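Residue numbers (UniProt numbering): 1 to 327. Idealized CB from N, CA, C, for every residue including glycine. As the structure is a prediction and not an experimental result, all values here were calculated from the model. Structure first, then comments.
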């Protein structure tokens, strides 16, 4: 399989290295930074271009791996799909809900795979939470309390993440996006309504956020309280916890262990956290397998769209000071 890389920063090169180890053929890369292009060319020995438009014109690829600033995702994805190229894009999917809907329709019309890199779908800790809920071990889930914190502020202030024109938002749409996805994915729910407050903490984007969310699972409501902080202490990976209450029990993940209480009995699951590169390989391999017809896609763009709806709805709710409802 021939693959192009769009966005050649640290993460873009890191994912390209994983793809290279998987045995695909890297045929080119694109990035506006000359330094990034030079590093990529030296590491992988393939041509680089300043824009993804040039890259698409000069190469013949099966799959594009997109790791660019968030507001640039839409145009990069659209141009790749229009050239008949499958796409794996890093989270968040898009910074405009209508863009996401357009891209999903375009991929479907073109019979192309469009995946969004939410690696928790391949993390056995979150897979266990989802399985416990699916098995009915806590009954119908009705309430969720969760948080994510990270020492993100200084990192964001010194990078494009602190520039809303490129990031489209702050910590809620960056690392916080993984928490929102985990809540929706483990419970198989979709957002119904959100109220929120955010604090920019002196930046031009949100750093701290508190969300009160109404979710829906099989036409049954779930109430969720979600807290995200970019001024925390955990680094580089965030600290997080999720507690999911059901009619017959509760699941509590503290970032290290999963405690599952049902009918008064508690079971503790000790599951080792996978390495980041392991999760990266799993999501990229799943995308390739889906392209080849060998597996169902576990990170579909539809999941990314639901996260985008919740994220952007929270921003709107915070700005307007009122609850936002999703149609």
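Burial state of residue 240 (16 or more Cβ within 10 Å): buried
By how many angstroms is the C-alpha of residue 173 removed from the C-alpha of residue 312? 9 Å
Those residues which DSSP pairs with residue 244 across a bridge: 144, 251
I'd like to know if the region 95-110 and the region 120-133 are in contact, where contact means that at least 3 CB-CB pairs between them fall below 8 Å. no
What residues in its chain sit with their C-beta under 8 Å from that of residue 184, if we drop five residues either side in the sequence? 190, 191, 215, 303, 306, 307, 310
Residue 260, enclosing beta strand (DSSP E) - first and last residue: 257-262
With distances taken Cα to Cα, identify the nearest neighbour of residue 29 among 154, 14, 50. 50
So, at 6 Å on beta carbons, what are the nonlocal neighbours of residue 298 in its own chain, with the 5 sequence-adjacent residues on each side left out? 121, 286
Could you give the DSSP three-state label for residue 163: helix, strand or coil? Assigned with DSSP and collapsed to three states, residue 163 falls in coil, not helix or strand.
Where residue 300 falls: helix, strand or coil (DSSP): strand
DSSP has residue 29 in a bridge; who is on the other side? 5, 48
Just curious, the beta strand (DSSP E) that residue 412 is in, first and last residue? Shown here, the chain extends from 1 to 327; a query on residue 412 therefore has no answer.
Residue 133 lies in the alpha helix (DSSP H); which residues open and close that run? 124-134
Tell me whether residue 216 sits in a helix, a strand or coil according to DSSP, three-state version. strand
Given that a residue counts as buried once 16 or more other Cβ atoms are within 10 Å of its Cβ, and exposed if not, what is residue 118? buried
Count the other CB atoms within 10 Å of the CB of residue 176; is the residue buried (16 or more) or exposed (fewer)? Flag for residue 176 reads buried.
Under 8 Å between the Cβ atoms of residue 222 and residue 142? yes
Neighbourhood of residue 145 by C-beta, 7 Å cutoff - its chain only, sequence neighbours within 5 removed: Counting only Cβ-Cβ distances below 7 Å, and skipping sequence neighbours, we find 225, 243.
Given a cut-off of 8 Å on the beta-carbon distance, is the pair residue 315 and residue 193 in contact? no
Take residue 114 and list the residues in its own chain whose beta-carbon comes closer than 6 Å to its own, dropping the five residues that flank it on each side. 87, 107, 301
Do you know how far the Cα of residue 126 is from the Cα of residue 274? 11 Å
Of the listed residues 188, 101, 62, 199, nearest to residue 219 (C-alpha basis): 188
Check whether the region 41-55 touches the region 131-138, taking contact to mean three or more Cβ pairs, one atom from each stretch, closer than 8 Å. no
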